[in-house]
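Sequence order for the protein chains is A and B. FYI, the numbering for the first sequence is 1 to 760, going by the numbering used here. FYI, the numbering for the second sequence is 761 to 1520, going by the numbering used here.
There are 2 protein chains.
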Amino acid sequence: MGLKGLKNASQLVETNLEQEKLAFHNTLFSLSNGHLGVRGNLEEGYFSKNHTGIMGTYVNGFYETSPIVYGENAYGYAKNHQTICKLPNGHILTFEIEGERFQLDLGTVDNHQRTLDLFEGILKREFQWTSSTGKKVVISTERFVSYQVSEALLLSYELTPLNFSGEIVLIHDLLEEELETVTAIDDPRIAARHEKQTKIEAMKEADLELLQISTIRSGLRLWTTATVKPVAGEVLAVKGTHSNQKLETAVTFAAVENEPIKIEVIVGYSEIVRDSEAEKNVKITFMQKMHQVSKQGFKQMKNQHLADMADFWSISDVEIAGDDELQLGLRLNLFHLNQAAGRDGKTNIAAKGLTGDGYEGHYFWDTEMYMLPFFVYTNPATAYQLLSYRHSILESARKRAREMGVAKGALFAWRTINGEECSAYYPAGTAQFHINADIAYGVKVYYEATADETFMAEKGLAILVETARFWREFGDYISGKEDQFCLNGVTGPDEYTAIVNNNYYTNLMAKYNLQMAAKMATRFQATALFKELGVTDSEIASWQEAGDNMYLPYDEDRQLTKQDDSFFDKAVWDFAGTPKENYPLLLNYHPLTIYRYQVNKQADTVLAQLLYGEATSKEQKQRDFDYYEQVTTHDSSLSRSIFGMMASEIGEEDKAYHYFMDTALMDLVDMQENTADGIHAANMGGTWMSLVYGFAGMKVSEGHLSFAPRLPKKWDALSFSIEFQGQIVKVTLSHDGSKYELVKGTGLTISENGHLQKLI
Amino acid sequence: MGLKGLKNASQLVETNLEQEKLAFHNTLFSLSNGHLGVRGNLEEGYFSKNHTGIMGTYVNGFYETSPIVYGENAYGYAKNHQTICKLPNGHILTFEIEGERFQLDLGTVDNHQRTLDLFEGILKREFQWTSSTGKKVVISTERFVSYQVSEALLLSYELTPLNFSGEIVLIHDLLEEELETVTAIDDPRIAARHEKQTKIEAMKEADLELLQISTIRSGLRLWTTATVKPVAGEVLAVKGTHSNQKLETAVTFAAVENEPIKIEVIVGYSEIVRDSEAEKNVKITFMQKMHQVSKQGFKQMKNQHLADMADFWSISDVEIAGDDELQLGLRLNLFHLNQAAGRDGKTNIAAKGLTGDGYEGHYFWDTEMYMLPFFVYTNPATAYQLLSYRHSILESARKRAREMGVAKGALFAWRTINGEECSAYYPAGTAQFHINADIAYGVKVYYEATADETFMAEKGLAILVETARFWREFGDYISGKEDQFCLNGVTGPDEYTAIVNNNYYTNLMAKYNLQMAAKMATRFQATALFKELGVTDSEIASWQEAGDNMYLPYDEDRQLTKQDDSFFDKAVWDFAGTPKENYPLLLNYHPLTIYRYQVNKQADTVLAQLLYGEATSKEQKQRDFDYYEQVTTHDSSLSRSIFGMMASEIGEEDKAYHYFMDTALMDLVDMQENTADGIHAANMGGTWMSLVYGFAGMKVSEGHLSFAPRLPKKWDALSFSIEFQGQIVKVTLSHDGSKYELVKGTGLTISENGHLQKLI
């Protein structure tokens, strides 16, 4: 595959430059800090004149809208697409010798190697190139996206002429990409791409040359800029070109054989201006930061970056002894997870992070259900920001609830950037009302792990109250169901079953949502937020009652949990008669065909039982796991990690291991053959969950942390750290027993399989 | 309303020309013969420069396609819109005096009157106009669309100068209409209009000037032409203009005060060329016909037309003594029904006939369920053609079944012109699989009433077999349902409930579909068609078995038929809390909101019980009627007639009467405020059914005709004729008793409320 791991599985190395693998590798080599994302493109841009793969520079939350066109429109449909914008690429670095622009495939390339150092967060490249006239050069580059100053991309470019001296021009471009027209795409998983998304205007402010980038309809704006600094070699001239399409700096060196010439570049992409009042401040702050970064220079910024990365790994690393490829895949996943998360309270985690524009840069339920736990237990400050984003779109969610005919509460958009629903297929979009309970679950997980009362008093409570209000209005006590509380006309996580009554997952999640809201509203009734929300006692009682009386479908004859009221009324999909190439089913069968059968795209009932394990006996879990596993295609990348964790829990060790391996290595080995479009961020989060919840059996219950280790036989040891209520414990599992070390804090009680331990 | 009935309720008269009523009246004044349709536009085109209402000239089945754009596409979705084309209007007649073109609103109009004579099928207009310079003229026009030569529209235009003599030019235009750009429309009931649909080319063949009209993507072609003949007054000059946009003839008269000048115009719209091989023949035939019509002239063609219309009314008229407005509305309905039906076996009845482009000129289940019975019992030759159309699209239906993942049989498109599905919203489109059983039901009704063995042996059997095959493959024996045969994931007629399991209507209709197929396949096993279809004995047995074991949902506790498995699991819609302006619900609530509740757009279970009345006891019908009536909004125009008929059957006389009156007068009084867009053809058929099936209680069972009269108190008498197996009986109901007269044939046994009568 042309990729290997080095240095104790902390470096991802590309040893062959293969055109057909480039887009896949460029996804893995993407650098990001949650604000700015830059795919791992070659410095000079495309491999050859025949473009290969997508370039892509993104700012989280910077999107353009376009009207959704429906074959047949109806009331309440999502009105607009939101599509993350492709920004001018700031990584373009190349050179000219004797007026001839470097092009990789017009010469001979030797010893080409790219290395992503996961511990350092730096992408490096080295190669030797011989021009058609025989001139040999060695190129060495480095780049990183700063966590310290999230606006900054830093690049260095060093060239050494091996067999000649003379003028060489090193050129940096901040360049608008020419977008190809993309016609209608039938695969719903790929972004609906829209042509011209932004208007770019060159401007100079103080001594800084900027490109101002404005979206045309969504009303967003940001600025980008670049400064180039020669750091080695004799400079003859520096020439700048500044237009509405690009900001170019060309540095002419008098190069000497075997002596390097080198430039360092600082590229900036500002915060987003969302309303015009903030415009001036955002711009000034951006310019100040760019000046500061410029003053510090590449080297100092790099040192800071290395320190930031070391901090990250000190708490976030997970070590597995006994499988180097897995160790590499695992670190790659954690690295990208960390890169993907918006940290400003106004952005979140896109389905592909900032490594591609698949799913249009949208945020889904994936954040809370697959990725938030990693941050909650290793980086609660980021988890706080992710939940703050949900709080920031609560007003949009209230409006959406009204549009959906629900008189109270809030309904979060199934997919969105700005808070407004932009799913153009409601049966597998808006109908997934469970996102409300998923977000509430995220609040619960965060609060339990951090005991952050301020968060609950200022934001969390609003989310819990408004989602509970929604459920109470949305559902009904149904006489035919023994007057239990029912949620009708919903789609659960399994998108191969749509618009059903009493989806078990949705009902169970909503049950706890209602109960948690009642509990927290009671606990935080002295807060200003409580008053502001106008919560009444009778409301709290009505949530508790609805939660306590939630209907949970169960088939007594089969002794199985029903995925929904009608799941067992359908015939089982003809798996034996379905050829392998007909998967994923959604690309080969009409939705009506799929919906008519018992067939799952992904974990649904099993996920519910994993999240609220206490609601179900182990025997029941085993029966449900066995049944649903048979009818699940795992056509969604969100599925295997869940089945793996449940397999751990019920003691199906082999299955747990195999599901996990498919999960952990999905992007490293391009298992779904679409990593070229971007990472599968949720699956990466699922990997961490599989280790911590699955193999280590971590649970939190009533403020208490416990473990139930079940280490796979193939590994020698597994270790990771957990931050819990301000304390950090390092957990090491081995076949000889487990070790729990308090790394930070003053004391923590944990239990392993029921045996209490006090760590000091 | 500016409309009244004259001459024993056989003429519809417009006494005021009101701009805001014009589009509505022009719909009612539309003339058609099933091939060619011309809206009742004013001769000179629009009322004023500010266009009012739509013009429209259509040829049944002449459509253009355009790709359907989905917000999110998926496998098996309908690919293309099909939209009936607006053709060059051939009715445009106007005049010039002293070089000044007549424009209605630039002078004074007196005594303006338009009359549609329903018995004659002729639209007449008379008015006096005084120009701004004081010149007075009287205009008198007539037009009709011929049944004899379905290509022909015939016009006459007479002008008498009242207070001057001098040159007057009478002008006829065959003119392409300038279409306005129509942006996205939110109301799904209105056509998605597409701009340029056709390419028009002027040509001369022999001595005939033609406009050749070709669609760009659907590959259809036809020709139109016009010939103008001066018939009164002294002609000074005749001038023709022939371009790609129009074919104009201007006749200059030396007009004399108080003496009429007059022209007669024959406009032709040819048959459709569907494949290029047929092109030459179609063109030659068309030209020959046009020559012949031209030779016969307006007067002779008119006489023939009057005779054709008299024939129509002699069998089709329904008389109601005691309510003149109703009599007028009734005749209007029958008149338009007759006009709407395609008679060439390649076309059908569009939802709005040929009176507008609402629903894009598509054919739906409406034909078989609401309109076919009228033709079966009064004009079986037309009924034969309508079913032949379904037979002609059977191959497309087979392909569609494969696309929908069903390995055998055929699935008819929910909405189509050419046989391919073009519903862009599958939950209320393709999911209405019941169209298969509806068409099979049409075959049954036709066959029972006509005993047409040839039809069954050549076409009907293929429809029955392929639909039965579909059901057998589509459905499953489900263990949880006592191993009965179930049809899951369907939408019934009620579009406010979508994608459910075991819709009672669908299951009951499919049950009889399967059984009828088994019976007919057995009866016609010696035919070539049987062999061609490759029917096997085991197949027949499997249809019979599935039909016999069809699951029919029933709620034992409530003693109610369940609309579907889950209908009673939902809360009842909050009708009390729904303001009047929120109807129709589909324009004010998201589908998910509507689907979550017990609420019906239209009759569903009640319709099933009406069609197969023998399956249900009267007491059960009463209970189901009472229940479903409460939850039905009648937001569909297909609903009231059904409830009315069932009300008749169960003896709810008042309800029967009121539902009927709303049905019968819907278009005459513009009840839904959208008759301007075209007639509600199905509802017109529902009117006839209400009288014959409802108030007269007609039933056919095992080749036997029976009646159960229940004449509303408000009427003195009701009479109509029925053709049954080649015999015609005139039925007259009065409060003194019923009369059955054999008008044609040699003997017919009927029964009234069980009492047999033999008519000779």
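Glycine included, each C-beta is placed from N, C-alpha and C at the ideal position.
Three-state secondary structure (DSSP) at Arg400 (chain A)? If you number the first sequence from 1, residue 400 (chain A) lands on position 400. Helix at Arg400 (chain A).
Can a CB atom of chain B be found closer than 7 Å to the CB of Asn501 (chain A)? Residue 501 (chain A) sits at position 501 when you count from the first residue of the first sequence. It does: the Cβ of Asn501 (chain A) has a partner Cβ on chain B nearer than 7 Å.
Based on Cα-Cα distance, which residue from B:Thr1142, B:Pro1187, B:His932, B:Gly1089 lies nearest to Tyr907 (chain B)? Within the second sequence, numbered from 1, the residue matching residue 907 (chain B) stands at position 147. Among B:Thr1142, B:Pro1187, B:His932, B:Gly1089, the Cα nearest to that of Tyr907 (chain B) is on B:Thr1142.
I'd like to know whether the C-beta of His362 (chain A) is nearer than 7 Å to at least one C-beta of chain B. Counting from one through the first sequence, the residue named residue 362 (chain A) turns up at place 362. No, His362 (chain A) does not count as interfacial toward chain B.
Should Tyr63 (chain A) be labelled buried (16 or more other beta-carbon atoms within 10 Å of its own) or exposed? Locating residue 63 (chain A) in the first sequence gives position 63, counting from the first residue. Looking at its Cβ environment, which holds 16 or more other Cβ atoms inside 10 Å, Tyr63 (chain A) is buried.
Determine the DSSP secondary structure at Tyr1372 (chain B), reduced to helix, strand or coil. As a first step, residue 1372 (chain B) is located in the second sequence; it is residue number 612 there, counting from the start. For Tyr1372 (chain B), the three-state secondary structure derived from DSSP is coil.
DSSP-derived helix/strand/coil call for Pro373 (chain A): Numbered from its first residue, the first sequence carries residue 373 (chain A) at position 373. Pro373 (chain A) falls in the helix class under three-state DSSP.
Which residues in chain A sit within 9 Å of Asn1248 (chain B), going by Cβ to Cβ distance? Looking up residue 1248 (chain B) in the second sequence gives position 488. Neighbours of Asn1248 (chain B) on chain A, chain order: Ser566, Asp569, Lys570, Ala571, Tyr595, Arg596, Tyr597.
Are the beta-carbon atoms belonging to Ile722 (chain A) and Tyr377 (chain A) less than 7 Å from one another? Counted from its first residue, the first sequence places residue 722 (chain A) at position 722. Counted from its first residue, the first sequence places residue 377 (chain A) at position 377. Yes.
Would you list, in chain order, the members of the stretch 387-409 of chain A that have their beta-carbon closer than 9 Å to a beta-carbon of chain B? Of all residues in the stretch 387-409 of chain A, only Glu403, Met404, Gly405, Val406 come within less than 9 Å of chain B when Cβ atoms are compared, listed by chain position.
Can you check whether the C-beta of Val631 (chain A) is within less than 7 Å of a C-beta belonging to chain B? Start at 1 with the first residue of the first sequence, and residue 631 (chain A) comes out as number 631. It does not; no Cβ of chain B falls within 7 Å.
Tell me which residues share the same chain as Trp889 (chain B) and place their Cβ nearer than 6 Å to its Cβ, disregarding the 5 neighbours each side in the sequence. Translated into the one-based positions of the second sequence, residue 889 (chain B) becomes position 129. Taken in chain order, the residues that qualify are Gly867, Val869, Val897.
What is the DSSP secondary structure of Gln771 (chain B), counted as helix, strand or coil? As a working note, residue 771 (chain B) is residue 11 in the second sequence. Correct three-state label for Gln771 (chain B): strand.
Proximity test, Cβ basis, 7 Å: His1350 (chain B) and chain A: In the second sequence, residue 1350 (chain B) corresponds to position 590, counting from 1. Answer yes: the Cβ-Cβ gap between His1350 (chain B) and chain A drops below 7 Å somewhere.
Label Gly219 (chain A) either buried or exposed according to how many other C-beta atoms from any shown protein chain fall within 10 Å of its C-beta, with 16 as the threshold for buried. What you label residue 219 (chain A) is simply residue 219 of the first sequence in a count that begins at 1. Exposed, because fewer than 16 other Cβ atoms sit within 10 Å of the Cβ of Gly219 (chain A).
Can you list, in chain order, the residues of its chain with a C-beta nearer than 7 Å to that of Lys1271 (chain B)? Leave out the 5 residues immediately preceding and following it. Translated into positions along the second sequence, residue 1271 (chain B) becomes position 511. These residues qualify, in order along the chain: Gly1307, Met1310.
Does Ala1191 (chain B) come within less than 7 Å of chain A when only Cβ atoms are used? Translated into positions along the second sequence, residue 1191 (chain B) becomes position 431. It does; some Cβ of chain A falls within 7 Å.
For Ala1184 (chain B) and chain A, any beta-carbon pair shorter than 7 Å? The sequence position of residue 1184 (chain B) within the second sequence is 424, counting from 1. Taking Cβ atoms only, chain A reaches closer than 7 Å to Ala1184 (chain B), which makes this a yes.
Under 7 Å Cβ-Cβ, which residues of chain B neighbour Asp476 (chain A)? Walking along the first sequence from the start, residue 476 (chain A) turns up at place 476. Contacts between Asp476 (chain A) and chain B, judged by CB atoms closer than 7 Å, involve Ala1331 in chain order.
Can Glu72 (chain A) and Ala1184 (chain B) be called in contact, C-beta distance under 7 Å? Within the first sequence, numbered from 1, the residue matching residue 72 (chain A) stands at position 72. Within the second sequence, numbered from 1, the residue matching residue 1184 (chain B) stands at position 424. In terms of Cβ geometry, Glu72 (chain A) and Ala1184 (chain B) form a close pair [threshold 7 Å].
Span separating the alpha-carbon of Leu1132 (chain B) from that of Phe1124 (chain B): Sequence index remark: in the second sequence, residue 1132 (chain B) carries index 372 (1-based). Sequence index remark: in the second sequence, residue 1124 (chain B) carries index 364 (1-based). Going from the Cα of Leu1132 (chain B) to the Cα of Phe1124 (chain B) covers about 12 Å.
Is Ala1170 (chain B) closer than 7 Å to Phe1215 (chain B) when the C-beta atoms are compared? Position 455 of the second sequence, counted from the start, is the residue given in the question as residue 1215 (chain B). Position 410 of the second sequence, counted from the start, is the residue given in the question as residue 1170 (chain B). No, Cβ-Cβ distance for Phe1215 (chain B) and Ala1170 (chain B) is not below 7 Å.
Looking only at its chain, what residues have a beta carbon closer than 6 Å to the beta carbon of Lys655 (chain A), apart from the 5 residues adjacent to it on each side? Position 655 of the first sequence holds residue 655 (chain A). Ala647, listed in sequence order.
How would you call Asn418 (chain A), buried or exposed, if buried means at least 16 neighbouring beta carbons within 10 angstroms? To locate residue 418 (chain A), count along the first sequence from 1; it is residue 418. By the neighbour-count rule (16 or more Cβ atoms within 10 Å), Asn418 (chain A) is buried.
Quick one: using the 10 Å Cβ neighbour count with 16 as the cut-off for buried, is Asn303 (chain A) buried or exposed? For the purposes of this step, residue 303 (chain A) is taken as the residue at position 303 of the first sequence. Flag for Asn303 (chain A) reads exposed.
Terminal residues of the continuous beta strand (DSSP E) containing Ser1408 (chain B)? In the second sequence, counting from the first residue as 1, residue 1408 (chain B) sits at position 648. Here Ser1408 (chain B) belongs to no beta strand (DSSP E); instead the alpha helix (DSSP H) covers 1400-1410.
Hey, quick one: how far does the alpha helix (DSSP H) through Trp313 (chain A) stretch, first residue to last? The residue you call residue 313 (chain A) lines up with position 313 of the first sequence. Counting along the chain, the alpha helix (DSSP H) containing Trp313 (chain A) begins and ends at 279-316.
Check whether the stretch 386-396 of chain A touches the stretch 352-359 of chain A, counting contact only when three or more Cβ pairs, one atom from each stretch, lie closer than 8 Å. At 8 Å Cβ cutoff, the stretches do not touch.
Among all the DSSP beta bridges, which residues are the ones paired with Gln1487 (chain B)? Working through the second sequence from its first residue, we reach residue 1487 (chain B) at position 727. Answer is B:Phe1484.
Would you say Gly76 (chain A) lies against chain B (beta-carbon separation less than 7 Å)? The residue labelled residue 76 (chain A) in the question sits at position 76 within the first sequence. With 7 Å as the cut-off, Gly76 (chain A) counts as an interface residue toward chain B.
Tell me the rounded alpha-carbon separation between Met369 (chain A) and Val692 (chain A). Translated into positions along the first sequence, residue 369 (chain A) becomes position 369. Translated into positions along the first sequence, residue 692 (chain A) becomes position 692. Going by the C-alpha atoms only, they are around 14 Å apart.
Give me the Cβ distance between Ser1054 (chain B) and Val1042 (chain B), rounded to the nearest whole Å; I'm assuming they're in contact under 8 Å. What you label residue 1054 (chain B) is simply residue 294 of the second sequence in a count that begins at 1. What you label residue 1042 (chain B) is simply residue 282 of the second sequence in a count that begins at 1. Not confirmed; about 18 Å, so no contact.
Assign Ser276 (chain A) to one of two classes, buried (16 or more other C-beta atoms within 10 Å of its C-beta) or exposed (fewer than that). Within the first sequence, residue 276 (chain A) is the residue found at index 276, counting from 1. Label assigned to Ser276 (chain A): exposed.
Anything in chain B within Cβ reach of Leu154 (chain A), meaning under 9 Å, just list it in chain order. For the purposes of this step, residue 154 (chain A) is taken as the residue at position 154 of the first sequence. Within chain B, no residue comes near Leu154 (chain A); the closest Cβ sits about 39 Å away, beyond 9 Å.
Could you tell me whether the stretch 1096-1108 of chain B touches the stretch 1491-1509 of chain B, using the rule of 3 or more Cβ pairs below 8 Å? no
Let me make sure I understand the geometry here. Which of A:Asn582, A:Asp624, A:Leu6 has the alpha-carbon closest to that of Met118 (chain A)? Taking the first residue of the first sequence as position 1, residue 118 (chain A) is located at position 118. Note on residue identity: the sequence assigns Leu, not Met, to residue 118 (chain A). The option with the nearest alpha carbon to Leu118 (chain A) is A:Leu6.
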